[in-house]
Every structure is written in structure tokens, then in C-alpha cells.
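>
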Amino acid sequence: MTIIDAADTFRQEAQELLEQLEHTLLDLEHRPADADLIDGAFRALHTLKGSGAMFGFERLAAFTHHVETAFDLVRKGRANASAELIALTLHAKDQMRRLIEAPAEADEAAGDTILRGLRLILEGTAAPATTDATPAPVSAPPSGDATWRVCFRLPRGAMASGTNPLLLIEDLHALGSATVVARSGDIPPLEELDPLDCHVGWEVLLTTARPREAIEEVFMFLLDDMELTIEPVDATDTAPATPADRTAAAASSAPASDSGTRTAMPAETPASPAAGPSTPGAVAGPSTPGAVAGRGGGSVRVPAERLDELMDRVGELVIAQSRLKQIAAASHDPQVKSVTEEIERLARELQDTTMGVRMMPIGSLFGRFRRLVHDLSRDLGKDIELITSGEETELDKTVIERLADPLVHLIRNAGDHGLEPRDGRAAAGKPATGRITLTARHAGAAVLISVGDDGRGLDRDKIQARAEENGLLAPGAKLADEELFKVIFAPGFSTAHEVTNLSGRGVGMDVVKRTIDDLRGSIDVRSTPGQGAEVTLRLPLTLAIIDGLLVRVGRGRYVIPLGAVEECVELTPEDDLRSKGRCFLNIRGDLVPYIRLREQFASSLPADPYQKVVIVSAGGFRVGLVVDQVIGDHQTVIKSLSRLHAGVGVFSGATILGDGSVALILDVPQLVADGQAAEERLKAAS
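In full-length UniProt numbering, the protein residues as written are 1 to 686.
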């Protein structure tokens, strides 16, 4: 592993530690006396500090050391986990992220301001350390402690890649009282010695109340490359393992000790009951038995680019399989058909497996918004609670990444515009704490994500007045709520009278609309005056391969995403006459407008006498698409349109059919919007 690879690995691990720290701090705000949460925050900070120093992030290690010290005081009961300390630690976490992602651009003055604030808080709350307690003798470990023999040897080039073994020894000291002996038998002659190579191994006798897993965590970034043995030993067997090492230990002090072979340091408060000694085992390989058992059902990090490449290959396989299916149908050879069916089954299973690899629980995204709501609550002076559900709902990784910004805007809008201030909620007879709900659930081949609040709801009159003022609506226009509320997604639209850090500039909601359109999704807005509002995003499960309905219009073939299709009906000449040119179809008592795709695409061929109408829906509105023929379902590999065609609104992509020809994918939300506009024009004319 190169130094660059090691730094990238650390950055990935550190991001997870920072997220863990943030969640722990937000939980601690509600349970400030919870020892497990305090220990969890301390452990995350301790790991960040040690690992950062190991991989060359010295500024991060130095900054984190001060924050860790503050939580060490909290852990020992000499300071309180106050709301001020937690808020400042959250800002410290942001500074740590900057020191990890772009150390050269991180503002050192901002870090100094945070550390000064920490000192002021601790000076005001820290209690003096108790002096009447009698320290326990070094030779008599507290009841419940266990003694472990930890032997480790780093790869020869470890120090060249930034690993400092003395930091590992320091971390072992932090777990309890330790005796350290260096094994120097492999040091070569001076003329052959490379100062960047590591030729020394170490044996540590560690007495601690912490479980074996805590010892393994010290080596968490090195387990794959080093030799490591962790064995429980009897309390009386505290000498190094070999006679030579016993002599060395008696004759000189250990490298990590200033005054003797044993250095006694206070052990950390365990986060969980100490585990009993596990089965002894010697490891002369990459990791300990415990580590292997713990990681056997784990995961492997794979760059997202490789997953994208794999999905592209699966898409090409699906196209090739579609061509093979057409060849088999024309050959009339039963053996060819049998093999084709087998390949089709395997291709479908491979596609499902590959798509499953790309799927992630949306809870990984939802967790980020706890901090957003926490900061909103402080900035707005409102008591706000975030309630989430459906975190286990899975969605394509690409979709999840692109959803972050739209959901931030929707949550900010709910907190700023939707929820009333404290006195307003009291006057309305509502609880003082406002609620923002964030939910996700599957709906067929789509996922519905809703952001709601229990605030005042959307002000219909104010929205219409501002829309008319901005020229977005004709004066006195009569619109249903669903239609009117879509105005809030227009660029530059805002009902706020003042510009603040959070709202009033008319940007944000148009970003939501544009992003959801790019993801081939739709938006539905519902509001009840005095009770709150809810915005629901409907999104496809994946952006790579979809199930589609293949149709023909004139000579062209087109794909309609199957998730948007409700049903197919026949358009007879009698139905056409009954609509009297208004292009409405009576579907079980509901009038559904329809669009003639022949006219939309300027087809010059004569129409079939019995055309088909595909009923599609988006955003709670239904529209019929008139086609010449419904060919059947089609597994559709989505290809992006070129820049020349990207501006054509009714197409969202293209796919390659089995015969090598190209079929365009229809943009259902845009076609539904066109149908709505046509309906509004007819209403205005009547």
C-alpha cells in the first residue's frame, strides 16, 4: 500500500468516525449523563487522533487531542456534557472534517476559536480532581481486569508509509497498565540498515478492564499487513515470554517507560462489561483470530467507479441477450431457444445481483439531517424534532447521493416557513416542539420520500398573490391546490418578506424540482391549513436499467417506463367522436386527457384504425398517451442523450433494441405536465 493509498483509506474510515461522533453527540444532547454515549464520543475522538497522527495528519491529531481532553474530563466526572459543550464539539467536528478533506485550506483561526471556547466552558464547569482517594498499588490490578500478552511486528516498510509504532504503544498504554519490551533480534548490521525500515517487534503485557476488541481497535488500520498475537495470560505470569527477554526486561527499562519496565496508567472506563478471556491463539499472519471472526461477515470497500463500470457491462449483456432472443425466435431451433432462455435467466439474475450491490439503505442519508435540524432549531429559536421512518428502504447509490441537496432545502423550508414560533404554536394549541417528519417507502418500482411538518400549512392566498405579482399566473386564475402549489418550484419564487441566511432569495425549491426531474421523478405537494404540509418525492429505484413498455408510433419505437404505466385501453373511432375534439377519455367515470403522440412527433404515416391509449401517471395526475401499437414489455438499458438532443423535453434517454436500432425513452412527468397544460387551456376557453 502506498502513502497515497493509506491516506485515502484513512479518509474513508475517518468520515465514518465523524458521522458516528456526530450521531453520538446529538444523542448525548438528550441524555447528557449516559456513560456509554460519553465513552463513545471519547473513543471516536481518540481513534481519530491516533489514526490521524499515524497517517501524517498532524494538524488533525493536534486539534483532536484538545477536544479529546475535554471529553476525558467529562468521562471522569470533572466536567458536564452541557448543551454548550456539545454544540461546540459539533463545530469542532466540522473543523476536523476540513482538516481531513483539505488540510491546506482549513482555517487555523477557526480552530483556535473553537479551542478557546472549549477552554472557557471547561474552566467554568470543571470540578477539581479528588485527592483523598488512595491509588491502587500497581501490582494489584482492580477486580475484573484481565492481563493480555500483545505481540506485534509491523511490515518492514511501515514507517515509510507513515506508520509510527510508538503511537500504537501509546494507545495501548491508554487502555491500562503496560509493560513493553522491544524484540530487536532481526536488526541487520549497520552498513545494511535502512533507517526507513522497521526491524523491531514488540511484546506488551497489558492489564486492562477493556475487552479484547478494544485492543484490536488500536491496530484497526494495520490488521491486513502486520503480524499480531493477542493472548490472555494469568495474572501471575507477567514476565516476557523468553529468557532473553526476561533478562532484557530486568536489565533495562522498556522503551515506552521513563522509570522502569512497568508503566501504570489509569484504564479507560469500559463501554461495555469486560469480556472474559477468549480461547488463546497464536497468529503468525495478517490478523488475530478474533479479528478474522469479527470480520468474516463484513464488507469490502469497492470504488463507486467500479460499480458503475460493472453496471455498464451488465447493460451491454442485457442488450446482447435481447439480440440473441430475436435471433432465436427467427431460427425456430429448439436447442437455440433453450440456450437463449437459460442465458436470459442468468442475465436477469446477474442484473438483479448487480443492482442489489448498488442499492443502499436510505438511512445513511437520513442520518445526516439530525445535525441540520439541530442547527435549524438553534438558528431559528424554535424547538424542532426530526422523526424518521423507513430508513431501511433501499435506493440506488447514485440517487441517494443526488437527493442530499433537495432534502436539505425541503427540511429548511419546513423549519423556517412551515413551523410556527413558540408563541404561535401555543396560541394554536399545539405542543411547543414542532415536528418535521422524514419517511421513505417502496411503491412498486419506485420509492416515495416524504418531508412533512405539523406547522401552519401553505398559505394559498399568499402564494397566489405572489405568483400573480411575479407574472407566473393570470390575475384571478382558478386553480386546484395541486396546481397552485407547483408554483413554489418556479425559479425566483418566494413568499418571504425578508431575506435571511435560510430563505427569502427564491432559490432552493427550483433546485429541488430540477434535481427530481433529472432523476426522472415527480413531486406531489399537499397541505392542510393549520395542520401542516407534506412534499412527496417519487423516484425510480435505479437510473441504470428499468422495465419499460415498448410502443410504436408511426415508424418509430419508444419506451414508456413501466413504473408510470397504469393500464392500456383501446381508442375506438366512436370514443374519438364522443370527445368532440377535446381529447378526453372516460375511464370508469373519470375524464382522463390524452395526447396524440403521432401529432407530438409529426408522424406522416396514416393512423391505425384501432389505436391504443397507455394511461400513465405522475404527481397524482393521469394522462393517456395514444400510440399505434403496444409491442410489449422490454428490459431497458438507459443511455444518455447527446448534447444536441438533451434539450428535447419529452425524452429522458434512449436505449438500444435487440435489432440494434435505437428507441427513445419518453419523459412521463413532462408529458403529464403537457397534458395538464392542455386541460387548463380547454377549461379557460370553455
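Just so it is clear, CB atoms sit at the ideal spot from N, CA and C, and this is done for glycine as well.
My guess is that residue 100 and residue 44 are in contact by the Cβ rule of under 8 Å, so how many angstroms apart are they, rounded?
What you label residue 100 is simply residue 100 of the sequence shown in a count that begins at 1. What you label residue 44 is simply residue 44 of the sequence shown in a count that begins at 1. Wrong, their Cβ atoms sit about 13 Å apart, outside the cutoff.
> So the candidates are 438, 95, 631; which of them puts its Cα closest to the Cα of residue 111?
Residue 111 sits at position 111 when you count from the first residue of the sequence shown. Residue 111 has its Cα closest to that of 95, out of 438, 95, 631.
> Starting from residue 488, trace the alpha helix (DSSP H) in both directions and tell me its first and last residue.
Working through the sequence shown from its first residue, we reach residue 488 at position 488. Counting along the chain, residue 488 falls outside any alpha helix (DSSP H), and DSSP gives it neither H nor E.
> Identify every run of the beta strand (DSSP E) within the region 618 to 679, keeping only runs that are complete inside it and at least 3 residues long; order them along the chain.
Contiguous beta strand (DSSP E) elements confined to the region 618 to 679 occur at 621 to 627, 629 to 637, 651 to 656, 662 to 666, taking only those with 3 or more residues.
> Determine the closest residue to residue 40 out of 8, 53, 403, 81, with distance taken between C-alpha atoms.
Sequence index remark: in the sequence shown, residue 40 carries index 40 (1-based). With distances taken between Cα atoms, residue 40 lies closest to 81.
> Of the choices 558, 487, 621, 512, whose alpha-carbon is the least far from that of residue 650?
Within the sequence shown, the letter at position 650 stands for residue 650. Considering only alpha carbons, the answer is 558.
> If distances are taken between C-alpha atoms only, which option among 58, 88, 658 comes closest to residue 71?
Taking the sequence shown and counting its residues from 1, the one referred to as residue 71 is at position 71. Minimum Cα distance to residue 71 is reached at 88.
> Is residue 152 helix, strand or coil by DSSP?
As a working note, residue 152 is residue 152 in the sequence shown. Three-state DSSP puts residue 152 in a strand.
> By a C-beta neighbour count over all protein chains shown, 10 Å radius and 16 as the cutoff for buried, is residue 688 buried or exposed?
Not covered by the structure: residue 688. The range shown for the chain is 1 to 686.
> Do you know how far the Cα of residue 202 is from the Cα of residue 169?
Reading the sequence shown from its first residue, position 169 is the one you call residue 169. Reading the sequence shown from its first residue, position 202 is the one you call residue 202. When rounded, the distance between both Cα atoms is 9 Å.
> Judging by CA-CA distance, which residue of 220, 357, 228 is the nearest neighbour of residue 10?
Here the question's residue 10 lines up with position 10 in the sequence shown. For the residues 220, 357, 228, the minimum Cα distance to residue 10 belongs to 220.
> So, helix, strand or coil for residue 586, using DSSP?
Against the sequence shown, residue 586 aligns to sequence position 586. Looking at residue 586 - three-state DSSP - the assignment turns out to be strand.
> Give me the Cα-Cα distance between residue 105 and residue 65, rounded to the nearest whole angstrom.
The sequence position of residue 105 within the sequence shown is 105, counting from 1. The sequence position of residue 65 within the sequence shown is 65, counting from 1. C-alpha separation (whole angstroms): 20 Å.
> So which of 484, 373, 302 has the shortest CA-CA distance to residue 397?
Here the question's residue 397 lines up with position 397 in the sequence shown. Of 484, 373, 302, the residue nearest in Cα terms is 302.
> Between residue 325 and residue 331, what straight-line distance do the alpha-carbon atoms span, to the nearest angstrom?
Here residue 325 refers to the residue found at position 325 of the sequence shown. Here residue 331 refers to the residue found at position 331 of the sequence shown. Rounded to the nearest angstrom, the two C-alpha atoms are 10 Å apart.
> Grab me the residues of residue 30's own chain with a C-beta within less than 6 Å of its C-beta, minus the 5 sequence neighbours each way, in chain order.
Start at 1 with the first residue of the sequence shown, and residue 30 comes out as number 30. Short of 6 Å from the beta carbon of residue 30, and not among the five residues preceding or following it, lies no beta carbon of its own chain.
> With distances taken between CB atoms, is the gap from residue 409 to residue 525 smaller than 8 Å?
Residue numbering aside, residue 409 sits at position 409 when the sequence shown is read from its first letter. Residue numbering aside, residue 525 sits at position 525 when the sequence shown is read from its first letter. No; because the gap between Cβ atoms is not below 8 Å, this pair is not in contact.
> Between residue 400 and residue 369, which are expected to be in contact by the criterion C-beta below 8 Å, what is the C-beta distance as a whole number of angstroms?
In the sequence shown, counting from the first residue as 1, residue 400 sits at position 400. In the sequence shown, counting from the first residue as 1, residue 369 sits at position 369. That belief does not hold up - the Cβ atoms of residue 400 and residue 369 are roughly 13 Å apart, past 8 Å.
> With C-beta atoms as the reference, is residue 435 less than 8 Å away from residue 385?
For the purposes of this step, residue 435 is taken as residue 435 along the sequence shown, with counting starting at 1. For the purposes of this step, residue 385 is taken as residue 385 along the sequence shown, with counting starting at 1. Yes, the pair counts as a contact, with Cβ atoms nearer than the cut-off.
> Taking the alpha carbon of residue 367 as the point to measure from, which residue in 177, 20, 316, 432 has its own alpha carbon closest?
Indexing the sequence shown from 1 puts residue 367 at position 367. When only C-alpha atoms are compared, the closest one is 20.
> Determine, using beta carbons only, whether residue 123 comes closer than 8 Å to chain C.
Protein chains in the displayed structure number just one, and chain C is not present.
> Three-state secondary structure (DSSP) at residue 259?
Position 259 of the sequence shown, counted from the first residue, corresponds to residue 259. Unreliable positioning characterises residue 259 in this predicted model, as indicated by a pLDDT of 33, which lies under 50. The coordinate reading is nonetheless provided below. If DSSP states are grouped into helix, strand and coil, residue 259 belongs with coil.
> Would you mind giving the Cβ-Cβ distance between residue 164 and residue 53, rounded to the nearest angstrom? I have them listed as a contact below 8 Å.
For this step, residue 164 is matched to residue 164 along the sequence shown. For this step, residue 53 is matched to residue 53 along the sequence shown. Confirmed, about 7 Å.
> Does the separation of the CB atoms of residue 382 and residue 356 fall below 8 Å?
As a working note, residue 382 is residue 382 in the sequence shown. As a working note, residue 356 is residue 356 in the sequence shown. No, these two residues do not count as a Cβ contact at 8 Å.
> Hey, out of 455, 24, 446, whose CA is closest to residue 413's CA?
For the purposes of this step, residue 413 is identified with residue 413 of the sequence shown, where counting begins at 1. Of the candidates 455, 24, 446, 455 places its Cα closest to the Cα of residue 413.
> What are the boundary residues of the beta strand (DSSP E) that residue 731 is part of?
What the structure shows of the chain is the stretch from 1 to 686, and residue 731 is not part of that stretch, so it cannot be assessed.
> If I'm right that residue 603 touches residue 554 with Cβ under 8 Å, what's the distance once you round it to whole angstroms?
In the sequence shown, the residue the question calls residue 603 occupies position 603. In the sequence shown, the residue the question calls residue 554 occupies position 554. Between residue 554 and residue 603 the Cβ distance is about 3 Å, and since that is below 8 Å, they are a contact.
> Is it buried or exposed for residue 17, if we count other Cβ within 10 angstroms and need 16 for buried?
For the purposes of this step, residue 17 is identified with residue 17 of the sequence shown, where counting begins at 1. Around the beta carbon of residue 17, 16 or more other beta carbons sit within 10 angstroms, so the residue counts as buried.
> Span of the beta strand (DSSP E) holding residue 204?
Residue mapping note: residue 204 aligns to position 204 of the sequence shown, counting from 1. Run containing residue 204: 201 to 208, per the beta strand (DSSP E) assignment.
> My output table needs one value for residue 400: the three-state DSSP class, helix, strand or coil.
Locating residue 400 in the sequence shown gives position 400, where the first residue counts as 1. Helix at residue 400.
> Specify the secondary structure class of residue 441 as computed by DSSP and reduced to three states.
To locate residue 441, count along the sequence shown from 1; it is residue 441. The answer is strand: DSSP assigns residue 441 an E or B state.
> For residue 121, which residues in the same chain have their Cβ closer than 6 Å to its Cβ, ignoring the five residues on either side in sequence?
Indexing the sequence shown from 1 puts residue 121 at position 121. Once the five neighbours on either side are set aside, the close Cβ partners of residue 121 are 84, 85.
> With distance defined between alpha-carbon atoms, name the residue in 674, 609, 550 nearest to residue 664.
By 1-based counting over the sequence shown, the position of residue 664 is 664. Ranking the options by Cα distance to residue 664, first place goes to 550.
> Leaving out five residues on either side along the sequence, give the residues of the same chain with a beta carbon under 8 Å from the beta carbon of residue 373.
By 1-based counting over the sequence shown, the position of residue 373 is 373. Here the set comprises 384, 385, 386, 411, 415, 436.
> Assign residue 485 to one of two classes, buried (16 or more other C-beta atoms within 10 Å of its C-beta) or exposed (fewer than that).
Counting from 1 along the sequence shown, the entry for residue 485 is found at position 485. Its Cβ being crowded by 16 or more others within 10 Å, residue 485 is buried.
> Does DSSP put residue 76 in a helix, a strand or coil?
Position 76 of the sequence shown, counting from 1, holds the residue named residue 76. In the structure shown, residue 76 sits in coil (DSSP, three-state: anything other than H, G, I, E or B).
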